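All you need for this note's numbering is the position in the sequence shown, starting with 1, plus 28.
Where a beta carbon is used, it is the ideal one built from N, C-alpha and C, also for glycine.
Nothing here was measured: the structure is a model prediction, and the numbers come from that model.
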Amino acid sequence: MILKNKFISFTFLLLISFNISAQKLKPSFTLNGYAKYLPALMDYSFFESENNNLIHNRLNMRGYFGNNLSLGFEIRNRIFFGDIPAIEGDNGLINMSYYIVREDNFILNSMIDRLWVKYQIDKIEFSIGRQRVNWGVNTIWNNNDLFNAYNFIDFDYIERPGSDVIRFIYSGDNLSSLEIVYMPNERKGYALAGLYKINSFGYDFQILAANYFDDIVIGGGWAGNIKDAGFKGELSYFIDKNKFKNSLSLSSSFDYSTKSGFYFLGSYLYNSNGFNEPNFLSLVNINANVLSPKNLMPSKHSYLFQVNKSITPPINTSLSILYGHGIKLLYFSPSISYDISSRFDASIISQFFYLDNLGDFKNILKGYYLQIKYSF
């Protein structure tokens with residue numbers, strides 16, 4: 029509680045000084061967002077089928093006060109009705125998730141997932157509040173993303189979660205930079221991490237070190253090309269302070285685009301904490317909305333293949349196939365999207381999950397989604 033109050037007091041004092049400074053300047057504001065409707069049918073092999081509906085509205089606001097001060101505020105409003113799925117809570121230091129209506133078959137929830145103040149001068153940037161700290165460089169699995177690990181299967185939350193942090197960035201020459209992030213947590217203590225980026229030999233490299241709650245973390249990542257193919261990867265090694273179990277999380281990927289419009293992606297993930305035998309809990313874990321960088325997939329070895337192809341300029345198709353070796357989990361997801369106009373688009377997305385059943389893959393979950401989105 030003391031840690032939380034200190035963080036709130038510091039943020040409050042910064043907002044007061046921010047407001048006093050802003051009164052001397054001419055502020056400007058921007059507002060954008062979207063509204064979308066997402067009906068879904070979930071067909072389980074062991075349970076009754078579910079029909080759920082989601083109306084999702086997002087508002088993104090920016091305030092600019094001169095050349096140095098800025099404010100970010102973003103909120104997601106969601107209406108669930110029908111067979112309501114489990115809804116993730118607010119895991120931040122400050123609970124900013126509010127249930128306006130909470131009934132058995134109807135929920136209206138508003139959540140502030142971005143609220144930060146930023147000060148920039150020359151090569152220095154300082155910010156405090158709830159913000160996205162994206163340290164990942166790999167396309168699918170981000171082992172360096174200590175603060176905002178996410179599940180790529182959750183296609184609805186494209187913005188990804190934010191964290192309540194204090195953040196310092198220094199941008200050097202030749203694409204180099206140093207970033208330091210402090211994140212308090214009432215239950216776990218705190219995380220203090222540093223990331224250094226540099227460009228060399230045609231590659232972007234990064235090195236990180238962190239006091240990450242109960243672990244010491246060292247890691248890094250890279251992004252570049254081998255001939256015409258993109259080559260990315262990252263790893264994090266977690267040293268347990270309590271001497272229970274150290275762990276390694278590593279991923280790499282290749283991607284390639286052809287002149288005919290095909291895009292291919294292949295990725296591999298190693299999770300030393302993962303299961304190496306069939307486990308029904310793997311389906312629960314893979315559907316979790318927020319994951320840990322120590323456990324991005326329930327399997328010890330995971331492989332993913334993805335291909336995208338534009339049929340016509342407004343129509344795009346995609347297929348993703350994931351295999352969890354050892355736990356014998358197979359997932360594939362075909363989709364098709366259509367850009368109706370510059371503001372309207374629609375998608376049909378399917379997700380299929382298979383688990384090994386005595387040597388035979390059995391379909392345990394099928395999900396069908398229609399997404400209609402209006403952006404403004």
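Per DSSP, the unbroken beta strand (DSSP E) holding isoleucine 267 starts and ends at 257-268. According to DSSP, residue pairing for serine 199 in a beta bridge involves Ser205.
Apart from sequence neighbours up to five positions away, the residues of its chain that approach asparagine 391 with a beta-carbon distance below 8 Å are Ser73, Phe380, Phe381, Tyr382, ordered along the chain. A direct Cα-to-Cα measurement between leucine 99 and serine 125 gives close to 20 Å. Nearest to aspartate 201 by alpha-carbon distance, out of Ile107, Asp150, Ala251, is Asp150. Nearest to tyrosine 92 by C-alpha distance, out of Asp141, Tyr127, Ile83, Gln148, is Gln148. DSSP, reduced to helix, strand and coil, places tryptophan 169 outside both helices and strands of the structure shown, so it counts as coil.
Fewer than three pairs of CB atoms, one per stretch, sit closer than 8 Å, so the stretch 124-144 makes no contact with the stretch 279-299. Counting along the chain, the unbroken beta strand (DSSP E) around tyrosine 396 starts and ends at 388-403. Under the 8 Å Cβ criterion, the stretch 73-84 counts as touching the stretch 104-114, having at least three qualifying pairs. Pairwise C-beta distances place the stretch 181-194 out of contact with the stretch 262-271, as fewer than three of them are shorter than 8 Å.
Here the C-alpha atom of leucine 203 lies approximately 8 Å from the C-alpha atom of lysine 225. Each residue's CA atom was taken as its position, placing proline 362 and asparagine 336 some 10 Å apart.
A residue is called buried when at least 16 other Cβ atoms come within 10 angstroms of its Cβ; glycine 249 meets this threshold and is buried. With fewer than 16 other Cβ atoms from the protein chains shown falling within 10 Å of its own Cβ, phenylalanine 389 counts as exposed. Cα atoms of leucine 350 and serine 280: separation of roughly 14 Å, rounded to the nearest angstrom. Secondary structure note for glutamate 102: its beta strand (DSSP E) is the uninterrupted segment 97-110. Fewer than three beta-carbon pairs drawn from the stretch 138-148 and the stretch 290-300 are found closer than 8 Å, and the two stretches are therefore not classed as touching. In this model, glutamine 159 and glutamate 153 are separated by some 14 Å (Cα to Cα). Going by C-alpha positions, serine 155 is about 24 Å away from serine 138.
Cβ-Cβ distances below 6 Å link serine 295 to Ile168, Ser281, Leu332 in the same chain, with the five nearest sequence neighbours on each side left out; the list follows chain order. Taking 4 residues as the minimum length, the alpha helix (DSSP H) runs contained wholly in the stretch 308-377 are 309-314, in order along the chain. Here asparagine 171 is near glycine 247, since their CB atoms are less than 9 Å apart.
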